[in-house]
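A quick write-up on the structure given underneath.
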Amino acid sequence: AQSVTQLDSQVPVFEEAPVELRCNYSSSVSVYLFWYVQYPNQGLQLLLKYLSGSTLVKGINGFEAEFNKSQTSFHLRKPSVHISDTAEYFCAVRLIQGAQKLVFGQGTRLTINP
Amino acid sequence: NAGVTQTPKFRILKIGQSMTLQCTQDMNHNYMYWYRQDPGMGLKLIYYSVGAGITDKGEVPNGYNVSRSTTEDFPLRLELAAPSQTSVYFCASSYSDVPPTEAFFGQGTRLTVV
Numbered sequence: 002a003q004s005v006t007q008l009d010s011q012v013p014v015f016e017e018a019p020v021e022l023r024c025n026y027s028s029s030v031s032v033y034l035f036w037y038v039q040y041p042n043q044g045l046q047l048l049l050k051y052l053s054g055s056t057l058v059k060g061i062n063g064f065e066a067e068f069n070k071s072q073t074s075f076h077l078r079k080p081s082v083h084i085s086d087t088a089e090y091f092c093a094v095r096l097i098q099g100a101q102k103l104v105f106g107q108g109t110r111l112t113i114n115p
Numbered sequence: 017n018a019g020v021t022q023t024p025k026f027r028i029l030k031i032g033q034s035m036t037l038q039c040t041q042d043m044n045h046n047y048m049y050w051y052r053q054d055p056g057m058g059l060k061l062i063y064y065s066v067g068a069g070i071t072d073k074g075e076v077p078n079g080y081n082v083s084r085s086t087t088e089d090f091p092l093r094l095e096l097a098a099p100s101q102t103s104v105y106f107c108a109s110s111y112s113d114v115p116p117t118e119a120f121f122g123q124g125t126r127l128t129v130v
């Protein structure tokens with residue numbers, strides 16, 4: 002079965018600084034990869050996804066992620082964060098073949114300080 | 017655009033009571049999902065459906081039941097509420113699964129069992 006580990010439960014960053022949120026996955030077969038964002042008291046919203054092709058994926062709000070198959074990682078990055086990026090971020094995987102379900106990581110709470 | 021609508025937003029149940037969490041989507045999506053979110057645990061899949069009349073168990077189905085009589089509706093039933101079911105519940109839907117398209121989430125139902 003696939004699993005996802007988000008290496009940091011909380012990440013505090015100053016405004017306009019760069020940020021990286023780390024995600025590692027475990028799966029014996031190929032997967033699709035996703036990052037979702039959850040703003041306070043809201044549902045989840047898709048930031049970006051990797052299905053195939055270029056390993057660098059660009060998403061909404063200036064975020065990007067890089068798929069590294071050898072390291073089984075899918076880290077999320079943003080070169081300059083804003084106060085409005087304060088939220089919880091979830092990495093998720095899904096098998097390319099088989100059960101149609103997303104498996105989520107535990108989440109990383111990103112706090113932007115002025 | 018309503019998207020995915022969940023009702024109620026908040027509910028307090030006594031141990032042993034039953035209730036139904038409602039979920040409706042107006043995007044004609046075939047795939048629908050129920051997740052629960054516990055602090056520090058990410059989201060866990062309870063049940064999912066790939067179309068009207070078809071449902072399947074996710075990671076944590078015990079204590080829950082679902083039905084899918086129409087494309088639009090995917091209610092989640094708790095028969096005998098237990099404190100362990102205190103959580104935030106999210107319903108989601110997506111159009112396609114091969115390749116997977118964006119999953120749209122409702123705003124959640126916060127359930128407390130006392």
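For the protein sequence lines, the chains are A and B, in the order given. Going left to right, the first sequence walks through residues 2 to 115 as the working numbering numbers them. Going left to right, the second sequence walks through residues 17 to 130 as the working numbering numbers them. Backbone N, C-alpha and C define an ideal beta-carbon position, used for all residues, glycine too. Please read all numbers here as calculations on a predicted model, not as lab measurements.
Any C-beta of chain A under 8 Å from that of residue i
i, result
"B/Glu118", "yes"
"B/Met57", "yes"
"B/Leu92", "no"
"B/Gly74", "yes"
"B/Pro115", "yes"
"B/Phe26", "no"
Which of helix, strand or coil DSSP assigns to residue i
i, result
"A/Asp86", "helix"
"A/Asn25", "strand"
"B/Met43", "coil"
"A/Gln72", "coil"
"B/Gln22", "strand"
"A/Pro13", "strand"
"B/Gln33", "coil"
"A/Gln7", "strand"
"A/Pro102", "The question names Pro, but residue 102 of chain A in the sequence shown is Lys. Looking at A/Lys102 - three-state DSSP - the assignment turns out to be coil, as it is neither helix nor strand."
"A/Ala2", "coil"
"A/Ala18", "coil"
Chain B contact for residue i (CB, 8 Å cutoff)
i, result
"A/Ser74", "no"
"A/Arg95", "yes"
"A/Lys102", "yes"
"A/Phe64", "no"
"A/Gln11", "no"
"A/Leu22", "no"
"A/Tyr33", "yes"
"A/Gly108", "yes"
"A/Phe105", "yes"
Presumed contact (8 Å Cβ cut-off) between residue i and residue j, rounded CB distance
i, j, result
"A/Phe91", "B/Leu59", "7 Å"
Next item on the list: Report the residue ranges of all beta strand (DSSP E) runs contained in full by the region 34-66 of chain A; include only those spanning at least 3 residues, in chain order.
Entry: 45-51, 57-59
Next item on the list: Please go through the region 46-129 of chain B and give each complete beta strand (DSSP E) segment of 3 or more residues, from N-terminal end onward.
Entry: 47-54, 58-67, 70-73, 80-82, 92-94, 103-110, 125-129
Next item on the list: Please confirm if the region 101-109 of chain A is in contact with the region 87-102 of chain B, defined as three or more CB-CB distances below 8 Å between the two stretches.
Entry: no
Next item on the list: Assess, as a yes-or-no matter, whether the region 34-50 of chain B is touched by the region 97-110 of chain B under the definition of 3 or more beta carbon pairs within less than 8 Å.
Entry: yes
Checklist line | Cβ contact (3+ pairs, closer than 8 Å) linking the region 44-56 of chain A and the region 110-127 of chain B | finding: yes
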